[in-house]
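Below: one structure, written as structure tokens.
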Amino acid sequence: MRLLLRPRVLHLTQPVDGGVARVVTDLVRAQLADGFGVTVACPDGADGPLGGYLRALGADVRPWNAARAPGWSLLGEVRRLTRLVDDVRPDLVHAHSAKAGLAGRLAVRGRIPTVFQPHAWSFEAVG
5 MRLLLRPRVL HLTQPVDGGV ARVVTDLVRA QLADGFGVTV ACPDGADGPL GGYLRALGAD
65 VRPWNAARAP GWSLLGEVRR LTRLVDDVRP DLVHAHSAKA GLAGRLAVRG RIPTVFQPHA
125 WSFEAVG
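Mapping the sequence shown onto the numbering used here, position 104 (from 1) lands on 108, and the numbers just tick up by one.
Set out below in structure tokens:
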């Protein structure tokens, strides 16, 4: 008899406030209720307000410290994220917003099914 393992989703998020936090929270809550294994990687991990709340819901929360804007820090962020993905071994990676989408796709490089959800186009509000 083959044992069915519960699917594991890894949510990558940067930023951790506003509508992004709301969407991530709603998805995590629903996925946990459906029996999924859920890990969330976000700045400050479980020590931040979003991570602490999601951990209280039952999610595995990991720190992934990433600057909000792309720059030279991206190289280290991708390297740390690659190690995190290798440790979590998710069945699906769901990247929220532009920075997590870029770093997540570079870290995964086609090895794992990936969803990119851009959310708001905040850069359109500048200028």
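Where a beta carbon is used, it is the ideal one built from N, C-alpha and C, also for glycine.
Is residue i helix, strand or coil when you go by DSSP?
i   : result
M5  : Reliability of the predicted coordinates at M5 is poor, the pLDDT of 47 falling under 50, and the value obtained from them is presented with this limitation in mind. Coil, per DSSP.
D64 : strand
R26 : helix
R72 : coil
What are the partner residues of residue i, as DSSP defines its beta bridges?
i    : result
R12  : G41
T17  : H100
Q35  : In DSSP, Q35 forms no bridge with anything.
T118 : V97
Work out the CA separation of residue j and residue i for me, nearest whole Å.
i    : j    : result
V92  : W76  : 25 Å
G108 : V13  : 13 Å
D90  : D21  : 26 Å
L88  : T118 : 15 Å
L54  : R10  : 24 Å
Could you pull the start and end residues of the alpha helix (DSSP H) that residue i belongs to?
i    : result
A111 : 101-112
G49  : Unbroken run through G49: none, as it is neither H nor E.
D95  : Looking at the DSSP string, D95 is not in any alpha helix (DSSP H), and its letter there is neither H nor E.
Exposed or buried, which one is residue i when buried takes at least 16 other CB atoms within 10 Å?
i    : result
P19  : buried
P94  : buried
A99  : buried
R66  : buried
R115 : exposed
L79  : exposed
G41  : buried
G105 : buried
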